[in-house]
Amino acid sequence: MVSNELTPEQRRLRAQIAAHVSWANTQDRAARTAAARKAAVDRFHKQVDPEGKLSPQERAVKLSLPTAIVVMTIDHARPGARSASCMWP
19 MVSNELTPEQ RRLRAQIAAH VSWANTQDRA ARTAAARKAA VDRFHKQVDP
69 EGKLSPQERA VKLSLPTAIV VMTIDHARPG ARSASCMWP
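Per our numbering, the very first residue in the sequence shown carries number 19; after that it's consecutive.
This is the structure:
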């Protein structure tokens, strides 16, 4: 079956398999994700201190909130993360 003849579900499954194979063949996961982690930290720095005027201590305090929001968002999006006791639908 040619790629353009695949259903959306088949394309999704094929992409998931490729991603798993790629990660299975990755020797240094930290090195592979280093650029993305640096970009995320840089983005947070710009959000909390766009002009670069805060002290390192103030910036660290303000950085904790956007970081927590991202972690909570990722955790909530995980399959099975929602439980019967969840407040939101």
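A virtual CB, placed ideally from N, CA and C, is assigned to each residue, including glycine.
- Assigned with DSSP and collapsed to three states, E27 falls in helix.
- Assigned with DSSP and collapsed to three states, Q45 falls in coil, not helix or strand.
- By the Cβ test, the segment 32–51 is not in contact with the segment 65–75, since fewer than three Cβ pairs between them sit closer than 8 Å.
- Pairing Q75 with R32, the inter-Cα distance amounts to about 46 Å.
- L81: member of the alpha helix (DSSP H) spanning 74–95, first to last residue.
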